[in-house]
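S.K.: After the structure tokens below, expect a handful of questions from me.
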Amino acid sequence: MPDMKDIVTDDMVKNALKSDAVTIAVKTQIKSTLDQQIDAAVDTALTDILGNDADNTVMQ
Numbered sequence: 676m677p678d679m680k681d682i683v684t685d686d687m688v689k690n691a692l693k694s695d696a697v698t699i700a701v702k703t704q705i706k707s708t709l710d711q712q713i714d715a716a717v718d719t720a721l722t723d724i725l726g727n728d729a730d731n732t733v734m735q
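The working numbering runs 675 ahead of the 1-based position in the sequence shown.
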């Protein structure tokens, strides 16, 4: 029985990493992370400008 390292080659891994599925997953994760960071930055800016008073709640 061959070793696992002989079955899975570097080229196979490289090709898998270049696949659309991986690219889409990476882009999705990066966008999600950036959205969270933007939301946090906006919340911080609003708190700094408007204060942390409950009367200043912004409705969406």
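Note that beta-carbon positions come from the ideal geometry of N, C-alpha and C, so glycine has one too. Source: prediction; values computed, not measured.
#1: Hey, could you find the ends of the alpha helix (DSSP H) N690 is sitting in?
#2: Identify, in the order they occur along the chain, each residue of the same chain with its Cβ nearer than 8 Å to the Cβ of A692, setting aside the five sequence neighbours on each side.
#3: Please state the DSSP three-state secondary structure of D718.
M.R.: Here's the rundown:
#1: For N690, the enclosing alpha helix (DSSP H) begins and ends at D685 to L692.
#2: The sequence as given places Leu at residue 692; Ala does not occur at that position. Excluding residues up to 5 positions away in sequence, nothing lies with its Cβ nearer than 8 Å to the Cβ of L692 in the same chain.
#3: Note: D718 maps to helix in three-state DSSP.
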